[in-house]
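Number of protein chains: 2
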Amino acid sequence: MVESVSEPASESATRPPTAQQFVLAEVRRAITSGELKPGSAIRQEALAERLEVSRVPLREALKTLEGEGLVSYRAHRGYRVAELSMADLREVYRLREILEAEAVRAAMPLDDAVFAELEAAQALVEQAAERGAVEEMARANRRFHFALYEAAGMPRLLRIIGTLWDSTDAYRSLYYAGADNRRHVLAEHRAALAALRAGDAEGAVRWFDRHRSAAVETLAAQLEG
Amino acid sequence: MVESVSEPASESATRPPTAQQFVLAEVRRAITSGELKPGSAIRQEALAERLEVSRVPLREALKTLEGEGLVSYRAHRGYRVAELSMADLREVYRLREILEAEAVRAAMPLDDAVFAELEAAQALVEQAAERGAVEEMARANRRFHFALYEAAGMPRLLRIIGTLWDSTDAYRSLYYAGADNRRHVLAEHRAALAALRAGDAEGAVRWFDRHRSAAVETLAAQLEG
DNA sequence: ATCAGTCCGACTGGATCCAAAAAGTAGCAC
DNA sequence: GTGCTACTTTTTGGATCCAGTCGGACTGAT
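Chains as they are written, first to last, in my numbering: chain F, 2 to 226; chain B, 2 to 226.
The structure is reproduced here in structure tokens:
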């Protein structure tokens, strides 16, 4: 890799101030994008070399990912990319159902800034869906949901929901790959947004529940078949 | 430290197979027991020396604790023992309310082995309470609650609840220090257990809610005053 | 041919050393 | 006396090196 001396911000966005943060972001991306396959062993030396750092920051990043459940670890055997069983997938979605409902309720009533952010994010989701840009849609979708969850003002809840999302990110892109699914997402977002505008928290919660159910059932069918 | 060659199990229980696991357990204990005070900086060199390991395994243990929210971290400034604001404390208890209710419902109906474990744990809680053994009571109490939550068969949920407990462990001991509080705990446990025996999940959930409310309100009064 | 035991290679775990960043301190100008 | 700057100290971040463990391959016996 060519390292510019005077311009540190050469590659995508600014590179984090420490190697472990850089590695953390990079490995998380590789896992959630499916580039590193579930169940596969992580060879520290090889991966560290590929990222041009030593094993020390890599190991610290892996410890963080272990805490998030993205990798599993056994002493003297190293790290593996975590595998999600069907039971795990359903558990994650069940927990999201409970926790995101709480977040939505706690976020109400929403102020104008939140609505603005929700609408901006939704516009991006729509654009990406139209173009079939799966990765971009996943990003915009996350921004949409988390704009709402952040408004709850519950940092720990936000963090937990975030880790639940991370652990299923690889599957989410799979879901967005279907054009029908993308249409569903848009319709559900719009309906939830309308409920939120009407100040109807329970209505929005119900739409988000449908939103998740549709995703998990589709994925379950796809993965089992 | 004197290391026996033939008998590795010299100090309390068997020492973990890796230094980082040993350090993790030790630092977690020090934080949850209040030995390391909230807000204080963690000097890696000093702490590593005290535990007779190098900074590397200590740093990996701290990364794990960061994931659990027991310490906070800022690049180039190091780790600090996390401070719980009143808002944090209330958020933790609110999340526990939601998640533990889910665990109780999912655990029903309980089989005999779970009842046996619950009763064994409760007996220990009663004994410890009578003797005013705060630390021991905290341990037995945790065993009681988690026997129930484990029965839900939801590993991620169990883990999340565990981290929420960890983050408030230091306060829990404070609560148990009051004789009145200990009496409350016993009564609430007994009532919840009776509801569980009757197959009444919602009744048990209500008792656990009271259980937590009593604790958080008492603590709030104590900490604000 | 199968299985037990041993050995060797590969990989992880940990210690030490070095680099870089932040915090503290002293000196200087105003 | 105050505020800024340069320098020193302290502490964290990272690289390299060594030790310990695990798993598989090889050997030999039954």
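Beta carbons are placed, not taken as given, at the ideal position from N, Cα and C, and that holds for glycine.
Since we're looking at a predicted model, the values are computed, not measured.
Integer-rounded CB distance, given that residue j should sit under 8 angstroms from residue i
| i | j | result |
| --- | --- | --- |
| Phe-23(F) | Arg-16(F) | 6 angstroms |
| Leu-96(B) | Arg-157(F) | 6 angstroms |
| Leu-111(B) | Leu-194(B) | With a Cβ gap of about 10 angstroms, Leu-111(B) and Leu-194(B) do not count as contacting. |
| Ile-43(F) | Gly-79(F) | 6 angstroms |
| Gly-40(B) | Glu-69(B) | In fact, because the Cβ distance is near 17 angstroms, the residues do not count as touching under 8 angstroms. |
| Thr-65(F) | Leu-25(F) | 6 angstroms |
| Tyr-150(F) | Ala-104(F) | 4 angstroms |
| Trp-208(B) | Ala-196(B) | 6 angstroms |
| Ile-161(F) | Ile-161(B) | 6 angstroms |
| Ala-205(B) | Ser-34(B) | Actually they do not touch by this definition, with Cβ atoms about 30 angstroms apart. |
Proximity below 8 angstroms, CB of residue i to CB of residue j
| i | j | result |
| --- | --- | --- |
| Leu-100(F) | Thr-169(F) | no |
| Val-93(B) | Leu-165(B) | yes |
| Ala-108(F) | Arg-144(F) | no |
| Met-138(B) | Arg-183(B) | yes |
| Arg-211(B) | Glu-189(B) | yes |
| Glu-127(B) | Leu-187(B) | yes |
| Ala-76(B) | Thr-19(F) | yes |
| Glu-46(F) | Arg-56(F) | yes |
| Val-115(F) | Ala-141(F) | no |
| Met-87(B) | Glu-225(B) | yes |
| Ala-192(F) | Arg-106(F) | no |
| Tyr-176(F) | Leu-220(F) | yes |
| Arg-213(F) | Glu-98(F) | yes |
| Gln-21(B) | Ala-49(B) | no |
Beta-carbon neighbours of residue i, restricted to chain F and to distances below 8 angstroms
| i | result |
| --- | --- |
| Met-109(B) | Correct list: empty, because the minimum Cβ distance to chain F is about 15 angstroms. |
| Ile-1(B) | Outside the modelled stretch of chain B, which goes from 2 to 226, sits residue 1(B), for which no answer is possible. |
| Gly-68(B) | Lys-64, Thr-65, Glu-67, Gly-68 and Glu-69 |
According to DSSP, residues forming a beta bridge with residue i
| i | result |
| --- | --- |
| Ala-42(B) | Arg-81(B) |
| Val-72(F) | Val-82(F) |
Interface residues of chain B facing residue i [CB-CB closer than 8 angstroms]
| i | result |
| --- | --- |
| Pro-18(F) | Ala-76 and His-77 |
| Val-28(F) | Here the premise fails: no neighbours, minimum Cβ distance about 14 angstroms. |
| Glu-307(F) | Residue 307(F) lies beyond the stretch modelled for chain F, which goes from 2 to 226, so this question has no answer here. |
Residue i: contacting residues in chain F (beta-carbon distance under 9 angstroms)
| i | result |
| --- | --- |
| Ile-32(B) | Per Cβ cutoff of 9 angstroms: no residues; Ile-32(B) is ~16 angstroms from chain F at best. |
| Gln-22(B) | Ala-76 |
| Leu-96(B) | Leu-100, Glu-103, Met-155, Arg-157, Leu-158 and Ile-161 |
Chain-ordered neighbours of residue i on chain F, where CB pairs are closer than 7 angstroms
| i | result |
| --- | --- |
| Ile-43(B) | Result: empty, since nearest Cβ-Cβ is about 15 angstroms, beyond 7 angstroms. |
| Arg-60(B) | Glu-61 |
Chain B contact residues for residue i, given Cβ-Cβ distances below 7 angstroms
| i | result |
| --- | --- |
| Gln-223(F) | None at all; the shortest Cβ gap to chain B is about 22 angstroms. |
| Ile-161(F) | Ile-161 |
Problem - beta strand (DSSP E) segments (min. 3 residues) lying fully within the segment 140-204 of chain F - result: none
Practice task
Enumerate, from N- to C-terminal direction, the unbroken alpha helix (DSSP H) stretches of 4 or more residues contained entirely within the segment 19-64 of chain B.
Solution key: 20-33 and 45-52
Exercise for the section: Could you tell me which uninterrupted alpha helix (DSSP H) segments, each at least 4 residues in length, are contained entirely in the segment 80-123 of chain F, listed from first to last along the chain? Expected result: 87-108
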